[in-house]
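In what follows, a single structure is set out as structure tokens and then discussed.
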Amino acid sequence: MRVSKLFGKTLREIPAEADTVSHQLLVRAGMVNQLVAGVYSYLPLAWRVLQKIENIVREEMDRAGGQELSLPVLQPLELWQLSGRGEALGKVLFTLYDRRERPLALGPTHEEVITQLVSRNVRSYRDLPLMLYQIQTKFRDEPRPRGGLIRVREFPMKDLYSFDTDEAGLDVSYRKMIEAYRKIYERCGLPALLVEADSGAIGGKDSHEFMLVAGSGEDEIIYCPGCDYAANVEKAVSVKGNIENGAPRKVEEVSTPGMGTIEEVAGFLKVPHSHTLKAVFYVADGKMVFVVIRGDLAVNEIKLKNRLRCTELRLATEAEVIEAGIVAGAASPVGLSGFKVVADDSVSSGTNFVAGGNKPDTHLRNVNYPRDFKADIVADIATARAGERCASCGGVLASTHGIEVGHVFKLGTFLSEKLEAVFIDEKGETHPIVMGCYGIGIGRLLAAAIEQSHDAKGIIWPAPIAPYHVYLCPLYREGTKVTEVSEKLYGEFLAAGLEVLYDDREESPGVKFNDADLLGIPFRVTVSPRTLQKESVELKRRNEKESALVPLAGIADKLKGLIKG
RNA sequence: CGGGGCGUAGCGCAGCUUGGUAGCGCGUCUGAAUGGGGUUCAGAAGGUCCCCGGUUCAAAUCCGGGCGCCCCGACCA
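The opening position of the first sequence corresponds to residue 274 in the working numbering, with each subsequent residue numbered one higher.
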């Protein structure tokens, strides 16, 4: 491709709208253009990268036994009501009406469609296992698109769905996919970390995410430097430890004038935070929930939501708390009734806690579970934090941020049950198909690759996904043989199967070099009177500082070798 | 949905406080010189000042309403 003809202009200045590095570089390199919030056009350079990523993904999916197909974007809303996930997705679902006023959704994903399709084509255990995938545009009306291509509302995504006869089969498919994903990230130059994840609105059991560790990442990862434990903070667990505070004593009331927060109460009574119990109030699907947790810990709303099995969960407003007759600042489940009480399992990790007295300015000492209060649910609902102990090895947990570049789920049978995707086993018995699903956002992978690999000058593409292999850069063409030689080289490179960006513009060396760096093409070949004097060209790798003179003869083959290697 | 910011030429911005009909840099086009890291000089084109309404002799500027975009949070397969 000749740069003079390439559609897309490079920008010197950083676009005002872009905050994230990958976003800035994508815009400056003339690769993407925003149409509305979270919706982008991909210009030729970006399109080439997307296709390369897509092909890598496709190859690995095929290798793992996947069969590619194409599914509708327009989906009847009923299908989402049938699966029950329409409600869970809520406003994320783009909806529209056809001319007959029939409600439709733009597919945010395709589990429902594929399950229905499979239910019509699979009858027998002989048809299983099965892996089907598609690489298509998905639509999600995200509450807040951000970070350029990191979180968008319309985006290309690969989804593979596995169908097995039993859990053991699902385990096999799941492991195959994790392996395939590892290869994909490796080929894209991304050191992705496998972390345990919450399965969210999609439901199901096991779930893992692949994370690219990056400061700009939206997700917090809790990991253990001492072992291989790593989890999304939504899911992460830690050792809460036992709090030694003597044998249970008799409850006594203490006056705590004006003391409301754990900070204040603990300070006033001169006890550590871990010797207190904290009460937090939530509204789950419209009902007040009373949550108790040890004073030094924080509630993890995702865990809480999962335990409550509710669709909507939010903190109760001050007015709602008062309305419910709760004494904010001095509340505890002791002696209270009429609320659903959820306790973090830390309430049984110690004795003689300080808790609210359910009277203004009053707290209780020596509160013990379960002696003094009961809970409807006792479970881990705490947020794991860096500095706490690892549940697997006892090491000290650390925290970092990451960009989610892949997510795999063991769906189980809930969708196949709802949509009646069943098979008949050897004994003639009918069972729901056991499902898994595995997604990779292609555009996000592109953005993540840039986040992972760039410098002050621009993008540094890993060769397998670079839009072009070689940037052919002639200098000082007028009155010299540079043009002649460059044109010849261009032809040779193309003939050798190299992907070449040929900067045939009348620009100064600075402009060309800076554009070459910005676009991040792995190899730059400079032709100038100076190099031609020595029958050579200058070869420079984008990711290295030094360049070298290389003889003209055989340069195409040499490049070919370097790119393959 | 809550909080904050922004909207003026293709891009980045100034002008708005104190109303008088728009300017700078980059880019683009023309010409010349230059020649290894965004080169210099000369000239030119390019604007519904986000939209609607109001105040005024006069609105980019003041007032009201709306829309859009970005950031933080909520949220987010």
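Glycine included, each C-beta is placed from N, C-alpha and C at the ideal position.
Judged by DSSP in its simplified three-state form, residue 552 adopts strand.
For residue 294, the enclosing alpha helix (DSSP H) begins and ends at 294-301.
Ranked by Cα distance from residue 353, the options 339, 748, 372, 376 are led by 376. In this structure, residue 706 and residue 436 form a Cβ contact; the two beta carbons are roughly 5 Å apart against a cut-off of 8 Å. Look at residue 388 here: in three-state DSSP terms it is helix.
Per DSSP, residue 505 is one residue of the beta strand (DSSP E) stretching across 503-505. Going by beta carbons, residue 439 and residue 406 fall outside the 8 Å limit.
Look at residue 756 here: in three-state DSSP terms it is helix. If the five residues before and after residue 699 are omitted, its C-beta is found closer than 7 Å to the C-beta atoms of 398, all from its own chain and listed in chain order.
In the assembly as shown, residue 494 is a buried residue. Its beta-carbon has 16 or more other beta-carbons within 10 Å.
Per DSSP, residue 283 lies in no beta strand (DSSP E) and is assigned neither H nor E.
A residue is called buried once 16 or more other Cβ atoms fall within 10 Å of its Cβ, and residue 382 is buried on that count. Taking the Cα positions, residue 725 is about 36 Å away from residue 569.
Contiguous beta strand (DSSP E) elements confined to the region 449-532 occur at 465-469, 480-486, 492-496, 503-505, 525-528, taking only those with 3 or more residues. Per DSSP, reduced to three states, the secondary structure at residue 705 is strand. Residue 416 counts as exposed, since fewer than 16 other C-beta atoms from the protein chains shown sit within 10 angstroms of its C-beta.
Closest option to residue 641, judged by alpha-carbon separation, among 304, 623, 748: 623. DSSP, read as helix, strand or coil, puts residue 434 in strand. If one requires a minimum length of 3 residues, the beta strand (DSSP E) runs lying completely within the region 802-828 are 809-814, 820-824, in chain order. Beta bridge pairing from DSSP links residue 314 with 306.
Scanning its chain for C-beta atoms nearer than 6 Å, with the 5 sequence neighbours on each side dropped, one finds no residue around residue 464. Ranked by how close their Cα comes to the Cα of residue 807, the residues 821, 832, 426, 298 have 821 in first place. If you look at residue 358, you'll find it in the alpha helix (DSSP H) that goes 358-362. Scanning its chain for C-beta atoms nearer than 8 Å, with the 5 sequence neighbours on each side dropped, one finds around residue 746 the residues 776, 785, 786, 789, 797, 798, 799, 800, in chain order.
Between residue 676 and residue 516, the C-beta gap is not smaller than 8 Å, which leaves the two residues out of contact. Counting C-beta pairs closer than 8 Å gives fewer than three between the region 753-766 and the region 336-346, which falls short of the contact rule. Of the candidates 697, 294, 379, 287, the residue whose Cα lies closest to the Cα of residue 732 is 294. Judged by beta-carbon spacing, residue 329 lies within the 8 Å limit of residue 460, meaning their Cβ atoms are closer than that value. Look at the beta carbons and you see the region 659-667 touching the region 501-517: at least three pairs across the two are nearer than 8 Å. The criterion of a C-beta distance shorter than 8 Å is satisfied by residue 771 and residue 743. Taking the Cα positions, residue 451 is about 35 Å away from residue 308.
Taking C-beta atoms as the reference points, residue 795 and residue 814 count as a pair closer than 8 Å.
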